[in-house]
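Student:
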Amino acid sequence: MDYKFFRDVSGKPTAECEEEAATFGDWLSNELSGDDSAVADVLVIIEQLQTQAIKTHKIKGHDYTLVLDQDEAELHRHLGYWDEDTPLPEGTELDLQDDVGCGLQDLKELLLDWQDFVKDTKLLSEMD
Numbered sequence: 058m059d060y061k062f063f064r065d066v067s068g069k070p071t072a073e074c075e076e077e078a079a080t081f082g083d084w085l086s087n088e089l090s091g092d093d094s095a096v097a098d099v100l101v102i103i104e105q106l107q108t109q110a111i112k113t114h115k116i117k118g119h120d121y122t123l124v125l126d127q128d129e130a131e132l133h134r135h136l137g138y139w140d141e142d143t144p145l146p147e148g149t150e151l152d153l154q155d156d157v158g159c160g161l162q163d164l165k166e167l168l169l170d171w172q173d174f175v176k177d178t179k180l181l182s183e184m185d
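This is the structure:
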């Protein structure tokens, strides 16, 4: 997965991921931004999955749910306006681009790089 990190005009750490995985960038930038413990918690869960201590895990956040198994990671945007048991109105379609997946190791590398970037960003902010 290709990605880049930068600080937006307000100085907030921001992630952009390749088009097929763009939702991961939004998740990092908005759901996990500034929450070091949340990133660390996901990394611990990934380690447990990789060592087969657990088989699956689901993390429900404010805007997204991350579903992990021993091989894959899937990120689903919450559709607060739609109950999956209720049929959609005629002519309405869901944008399933908000549901993305990647390999578990790819997610781990993304999170480790994000964690390093956020730490560096905080250090730079403290020096300003």
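So the sequence shown is residues 58 to 185, counted in my numbering. From the three backbone atoms N, C-alpha and C, an ideal C-beta is built for every residue, glycine too.
(1) Let me confirm a value: L106 is counted as buried when at least 16 other C-beta atoms fall within 10 Å, else exposed. Which label applies?
(2) Between the alpha carbons of T149 and A97, how many angstroms are there, rounded?
(3) Which residues mark the beginning and the end of the alpha helix (DSSP H) in which L100 is found?
(4) Where does L151 fall in DSSP's three states?
(5) For V99, which of F62, L123, L136 has the nearest alpha-carbon?
(6) Whole angstroms is fine: what's the gap from D65's alpha carbon to T113's?
(7) Can you tell which of H133, I102, E75 has the C-alpha that lies nearest to the C-alpha of A110?
(8) Is the beta carbon of A130 sitting closer than 8 Å to the one on L161?
(9) Since A79 is in the alpha helix (DSSP H), which residue starts that stretch and which ends it?
(10) With H, G and I counted as helix, E and B as strand and the rest as coil, what does DSSP make of L132?
(11) Any heavy atom of the ligand COA closer than 7 Å to the Cβ of L123?
Tutor: By the coordinates alone:
(1) Within the sequence shown, residue 106 is the residue found at index 49, counting from 1. Using a 10 angstroms sphere on the CB of L106, the tally of other CB atoms reaches 16 or more, which defines it as buried.
(2) As a position in the sequence shown, residue 149 is number 92, starting the count at 1. As a position in the sequence shown, residue 97 is number 40, starting the count at 1. Because T149 sits at a pLDDT of 45, beneath the cut-off of 50, its placement in the model cannot be relied upon, and the following sentence gives the value as read from the coordinates. Between the C-alpha atoms of T149 and A97 there is a straight-line separation of about 39 Å.
(3) As a working note, residue 100 is residue 43 in the sequence shown. Here the alpha helix (DSSP H) through L100 covers 93 to 107.
(4) Looking up residue 151 in the sequence shown gives position 94. In this prediction, L151 scores a pLDDT of 48, lower than 50, which makes its location untrustworthy; no coordinate-derived value is stated.
(5) Within the sequence shown, residue 99 is the residue found at index 42, counting from 1. It is L123 whose Cα lies nearest to the Cα of V99.
(6) What you label residue 65 is simply residue 8 of the sequence shown in a count that begins at 1. What you label residue 113 is simply residue 56 of the sequence shown in a count that begins at 1. Inter-residue distance for D65 and T113 is about 34 Å (C-alpha atoms, whole angstroms).
(7) By one-based count along the sequence shown, residue 110 stands at place 53. When the alpha-carbon of A110 is set against those of H133, I102, E75, the nearest one is in I102.
(8) Residue mapping note: residue 130 aligns to position 73 of the sequence shown, counting from 1. Residue mapping note: residue 161 aligns to position 104 of the sequence shown, counting from 1. A distance below 8 Å separates the beta carbons of A130 and L161.
(9) By 1-based counting over the sequence shown, the position of residue 79 is 22. A79 -> alpha helix (DSSP H) spans 79 to 83.
(10) Your numbering for residue 132 matches position 75 in the sequence shown. Strand, per DSSP.
(11) No copy of the ligand COA appears in this structure; indeed no ligand is present at all.
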